Structure formats: C-alpha cells, structure tokens
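Asks:
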Amino acid sequence: MMYREAYEIMKKEGASGIITGSSLGQVASQTAANMHAEIYQLAIPIYHPLIAFDKTEIMDIARRIGTYDISIRPAGSCTAVPERPEVKANYNLIVLEEKRLDIEKMVGEALKAAKVLKL
5 MMYREAYEIM
15 KKEGASGIIT
25 GSSLGQVASQ
35 TAANMHAEIY
45 QLAIPIYHPL
55 IAFDKTEIMD
65 IARRIGTYDI
75 SIRPAGSCTA
85 VPERPEVKAN
95 YNLIVLEEKR
105 LDIEKMVGEA
115 LKAAKVLKL
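In the numbering used here, the protein residues as written are 5 to 123.
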C-alpha cells in the first residue's frame, strides 16, 4: 500500500521515482524477498540509498539531514506488529488477499489524510 500511495504522490509532484529508507536486514521483515514482494505490481523506479547501511549509520545520516526527529515519532498508521514477522512473503497469497480489498478506495483515503512535511 505504501508504494501505491507514494506512486500517486510521485505522479502528482512530477517526480521520476520513489526513494525509501529501507535497509536490507535491519529488521526481520526487510529481506530481499519481502522488499521484492512489496513492489510486485509496480513498474516505477524505487531507490534504496540506505540499503547497505547499518542502523547507526542511518541514524547519523538522519541527524545530519534533519529527519531524525521525524523518524522517531510514533507511527500514525497501523502499529500492529506480529510476534514472528514474515521473512519471505508469498506473492500468490498477497495477490489473493488484495482481491478482498478495495485498494483504490484505500489509497484515495490515505492520500486525503496525507500531510506535507517541510524539512
């Protein structure tokens, strides 16, 4: 969902891609398989400039560029965390589960609630 929402913002802003803060292996769910599954139906450039950095390096960069305070705020979205995170997402299961959802409506609602942060 995050990438679908980001894609709509990307189009609106005239951007040429999406930049994330993902770092391979920093949390149990950030595996190569999961990162691939997150973008399974998107044909847009997604850049992961922090992919090989460790947590300390990422926190240092965030402080340097002024995003650290934002990054440590409590999440405003779903904070449910599974006891055992999935480390290898099942693409076919994702497709089946998404058929049960009104993705377009969910993305639209998320975009209405989106806020622009000035850095």
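Beta carbons are placed, not taken as given, at the ideal position from N, Cα and C, and that holds for glycine.
All of these numbers come straight from a predicted model, not from anything done at the bench.
Mapping DSSP to helix, strand and coil, what is Y44?
Replies: Start at 1 with the first residue of the sequence shown, and residue 44 comes out as number 40. Coil.
Asks: Between R8 and I107, how many whole angstroms is the CB-CB distance? I'm expecting something under 8 angstroms.
Replies: Walking along the sequence shown from the start, residue 8 turns up at place 4. Walking along the sequence shown from the start, residue 107 turns up at place 103. 7 angstroms between Cβ atoms; contact.
Asks: Where do the N-terminal and C-terminal ends of the alpha helix (DSSP H) with V31 fall, by residue?
Replies: In the sequence shown, counting from the first residue as 1, residue 31 sits at position 27. It is not in any alpha helix (DSSP H) - V31 carries neither H nor E in the DSSP assignment.
Asks: With three or more C-beta pairs closer than 8 angstroms as the rule, is the stretch 34-49 touching the stretch 59-71?
Replies: No: the two stretches stay apart, fewer than three of their Cβ pairs being nearer than 8 angstroms.
Asks: Do M14 and M110 count as a contact pair if the criterion is CB distance below 8 angstroms?
Replies: Indexing the sequence shown from 1 puts residue 110 at position 106. Indexing the sequence shown from 1 puts residue 14 at position 10. Not closer than 8 angstroms, so no.
Asks: Return the chain-ordered list of same chain residues with a C-beta closer than 7 angstroms to the C-beta of P89, the five sequence neighbours on each side being excluded.
Replies: The sequence position of residue 89 within the sequence shown is 85, counting from 1. Around P89: A32 and S33.
Asks: Answer yes or no: do S27 and I55 have a C-beta to C-beta separation smaller than 8 angstroms?
Replies: In the sequence shown, residue 27 corresponds to position 23, counting from 1. In the sequence shown, residue 55 corresponds to position 51, counting from 1. Contact: yes.
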